[in-house]
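Structure record follows, encoded as structure tokens.
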Amino acid sequence: MADPLLYPCFLGPYAENDNILEKLVVEFLRDHVYWRRNFHPEDPPAIPTSAALQPEFQAFEARLRRELHSLSAALKRSVPFHSPRFLGHMVSDLLLPGLIAQILTLPYNPNNVNDDAAPVTVDLEIQVGLQLARLVGYPHDIAQPACAFGHLTSGGTLANVQALRLALAMKAFPVALRAIRPPDFELPDDDWTAFGLSTDAVCSLLWRWEQWLAEQPTRDQHAWRLALSRERLETLGHHAFFTRHPQLRPPLLLAPASAHYSWPKAMKLVGLGVDQYVTIAQHDLHLDLGALEETLARAHARREPVLAAVAILGTTEFGGVDPIDGLVAARDRYAAAGSGFSVHVDAAWGGYLATVFRNPDGTLRSQQDVAGDFKHFPSSRVHGAIAALGRTDSITIDPHKLGYISYGAGAFVCRDHRPMSLLASDADYVFTEAASTDYMRRYRQLGRYVPEGSKPGAMAAAVYVTHRVLPLDHAHFGRLPAQSLRGAEAFVERAQQFIVECADRVHACLPFMPDSNLVCLALNPAGSSDLETANAFVRRIYDELHIDPHAPLQTREFFGSTTTLRLDRLRPETLQRALDALHLAKPSDLAATPLLVLRHTIMNPFVLDTQNDINYIDRYFEYLSRRIRSLTPL
12 MADPLLYPCF LGPYAENDNI LEKLVVEFLR DHVYWRRNFH PEDPPAIPTS
62 AALQPEFQAF EARLRRELHS LSAALKRSVP FHSPRFLGHM VSDLLLPGLI
112 AQILTLPYNP NNVNDDAAPV TVDLEIQVGL QLARLVGYPH DIAQPACAFG
162 HLTSGGTLAN VQALRLALAM KAFPVALRAI RPPDFELPDD DWTAFGLSTD
212 AVCSLLWRWE QWLAEQPTRD QHAWRLALSR ERLETLGHHA FFTRHPQLRP
262 PLLLAPASAH YSWPKAMKLV GLGVDQYVTI AQHDLHLDLG ALEETLARAH
312 ARREPVLAAV AILGTTEFGG VDPIDGLVAA RDRYAAAGSG FSVHVDAAWG
362 GYLATVFRNP DGTLRSQQDV AGDFKHFPSS RVHGAIAALG RTDSITIDPH
412 KLGYISYGAG AFVCRDHRPM SLLASDADYV FTEAASTDYM RRYRQLGRYV
462 PEGSKPGAMA AAVYVTHRVL PLDHAHFGRL PAQSLRGAEA FVERAQQFIV
512 ECADRVHACL PFMPDSNLVC LALNPAGSSD LETANAFVRR IYDELHIDPH
562 APLQTREFFG STTTLRLDRL RPETLQRALD ALHLAKPSDL AATPLLVLRH
612 TIMNPFVLDT QNDINYIDRY FEYLSRRIRS LTPL
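Here the sequence shown stands for residues 12 to 645, where the numbers follow our numbering.
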């Protein structure tokens, strides 16, 4: 039975809800027109009513129509993300609340850099950060000093950069404070201890500093702030900072082998360099806690500081979920030993899965309660990871992925907003509030704290309205990812049937059970034991699963994607099981010979169309069977 909530949410695979979209867009376009006409209606029209009759006007309109028709025709070659036949990448149809809110806001053109340029939508962006904070279990009451804070970004990459910026500023702040030694102020004994404080200890130290500063005479406050600024890493740069503090070395960033390529990019952007980026081995495509422990122990023994450790909630290739609870526990142990570091979760893909686990009152659902909605989901490891999100230090979430919002809408959220003051930049012509203690007043000057100098307010409106129409809990928004998870479970069941049906022509297997709604399928033609032959076979299948801009879309029955599975990242027993199922010989060099697999993102909520008794998953495997038969004549 299809969830009735799904029907009004999207324009629909067949544009079934075109009347809703058209009616609301026209209604609010007219509303915008009336708004313009009622702003000082005594002003005469700047464009005369006769302008439309002038040759230049008509020629302009003709050119405009010609170019728009040309663009519209060209866009018909776009990927049909809206269709249940699209099983490729992390994108699907758009939620109507977000789409309409974005279109509604665009003519107002707010720039969320501050409330002068966006008096309405900058508040909406702050509220979005609090909505996401509540979703992951962070404090979200702005009356509390340690309330969380979040903002939108162009995507997950920039959110990850923001996470590194904040972690580095927090890491170096206590060292700079030691350098100026404010009187009657308790500080760590040495630079190494200061550099190894836990994130909570840094937040406490920053809070005490602000309180101490407020007690000083007004004439002295500026001098102390200036003195601290001169000692900060952000002022000195890496070379001068670490030269002044020879006890210290540039810190390491630890991330699993499955981490997105944005992480080494971020290390370059913050000036630490990729040599400080340490990849942690995986345990069947998840962060190996044993390998993490070895790396942390070695760094602690060598007095190598660790900036942050990254966990993934929904890896890009496979949708895998790392043991976030184990990572948080390791952070707490090493913080107690004097080697503190931050924990950041890259949940660009999987962040909205947390809606399935959240009750309307904000509490976490038990594993047993969640499991009642599914056949296999969630594993105890996945539930443990979600439950630990509230104990992490920051998180990346992409509304433009499982939030079903248009590109580009990423988000960064930190558990405690107070260290955001360490990222502040000033410009007198833009920012009027230097350091307000009022939460909303402070962050209405949003450009002080974020990497961008311009921010589209329309995107904030889109995400905010979506979260208001569909609150971020299992009874509302959570029904969307729940439907996709059920689709993934149906895909796994049908794949297991397909493996038996096609055994005479192809050896196939699911290399691993999915953590979320990405499912991979490995194939090898019968009679072959060569890995390169298997990879070539998958490439030939993929030839008709990817977009061809020179051919009509209708020539493609389905759209999919591929990725490579690094065999050296599998446990020996998992690897052997996959090789046996595929009848493949074990490569001599596992690291040098990855396995190419078909990758399926089961994100569209209509892949199981019970309304019309259509199962697109069945149709896909029927198509795949035909394709295999054409490539493997008996």
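Think of the CB as a built atom: it goes at the ideal place given N, C-alpha and C, for glycine as much as any other residue.
Using DSSP with H/G/I as helix, E/B as strand and the rest coil, what is residue i?
| i | result |
| --- | --- |
| I628 | helix |
| V44 | helix |
| D343 | helix |
| F160 | strand |
| H518 | strand |
| R376 | coil |
| G383 | coil |
| I397 | helix |
| Y25 | coil |
| V285 | helix |
| R74 | helix |
| R497 | helix |
| R610 | strand |
| A531 | It should be noted that the sequence gives Cys, not Ala, for residue 531. The answer is strand: DSSP assigns C531 an E or B state. |
| F39 | helix |
| Q173 | helix |
| S432 | helix |
| F423 | strand |
| Q258 | coil |
| L98 | coil |
| T643 | coil |
When the Cα atoms are used, what is the spatial distance from residue i to residue j?
| i | j | result |
| --- | --- | --- |
| L117 | L86 | 21 Å |
| A438 | P583 | Residue confidence is low: A438 scores 49 on pLDDT, short of 50, so the model does not pin down where it sits. Its coordinate-derived value is still stated next. When rounded, the distance between both Cα atoms is 57 Å. |
| H485 | I58 | 51 Å |
| A499 | F388 | 10 Å |
| A277 | T210 | 20 Å |
| L175 | S432 | 15 Å |
| E221 | R402 | 25 Å |
| I639 | A547 | 13 Å |
| R516 | A537 | 5 Å |
| M648 | P95 | Residue 648 cannot be examined here, being either before or after the span of the chain that is shown, 12 to 645. |
| L265 | F50 | 55 Å |
| L64 | R76 | 16 Å |
| D624 | Y18 | 15 Å |
| Q113 | A420 | 11 Å |
| L532 | G361 | 20 Å |
| Y288 | G248 | 19 Å |
| Y149 | P52 | 47 Å |
| A268 | F617 | 33 Å |
| L375 | E304 | 28 Å |
| A62 | F68 | 7 Å |
| A319 | E512 | 48 Å |
| Q456 | P462 | 13 Å |
| A234 | V147 | 40 Å |
| I397 | G161 | 19 Å |
| H657 | H518 | Since the first residue shown for the chain is 12 and the last is 645, residue 657 is missing from the structure and cannot be characterised. |
| D200 | A190 | 12 Å |
Going by beta carbon distance, what residues of the same chain come within less than 8 Å of residue i, once the five residues before and after it are set aside?
| i | result |
| --- | --- |
| P91 | F97, L564, F570 |
| L110 | L22, L32, S417, A473 |
| F385 | A493, L496, R497, E500 |
So, for residue i: in the same chain, excluding its five sequence neighbours on each side, which residues have a beta-carbon less than 7 Å away from its beta-carbon?
| i | result |
| --- | --- |
| V213 | M181, F184, P185, P430 |
| A399 | I335, D336, V339 |
| H151 | L141, A144, R145, C158, A159 |
Excluding the 5 residues preceding and the 5 following residue i in the sequence, name in chain order all residues of the same chain whose CB lies nearer than 6 Å to its CB.
| i | result |
| --- | --- |
| W203 | Q258 |
| F502 | V530, I613, I628 |
| Q132 | What sits at residue 132 in the sequence shown is Thr, not Gln. Taken in chain order, the residues that qualify are P121, N123, G468, A471, A472. |
| T477 | L106, P108, G109 |
| D42 | none |
| L16 | R490 |
| A596 | S540 |
Comparing C-alpha positions only, which one of the options sits nearest to residue i?
| i | options | result |
| --- | --- | --- |
| F206 | M278, R516, S350, I114 | S350 |
| L169 | R479, D409, F50, V354 | D409 |
| R359 | L578, Y45, I613, N171 | For the record, residue 359 in the displayed sequence is Ala; it is not Arg. The shortest C-alpha separation from A359 is found at N171. |
| L642 | T544, W235, D559, H561 | T544 |
| G464 | N615, L307, S165 | S165 |
| D299 | R392, A63, S83 | R392 |
| A159 | L590, Y450, H233 | Y450 |
| L263 | A238, R255, I291, T254 | I291 |
Check whether chain D comes within 8 Å of residue i, counting only Cβ atoms and requiring the distance to be less than that.
| i | result |
| --- | --- |
| Y418 | Considering every chain present, this structure includes no chain D. It has just one protein chain. |
Touch test, the segment 368-385 against the segment 123-142, Cβ-Cβ under 8 Å, three pairs minimum = No, the segment 368-385 is not in contact with the segment 123-142.
Inspect the CB distances between the segment 596-616 and the segment 572-579 and report whether three or more fall short of 8 Å.
-> Yes: the two stretches touch, three or more of their Cβ pairs being nearer than 8 Å.
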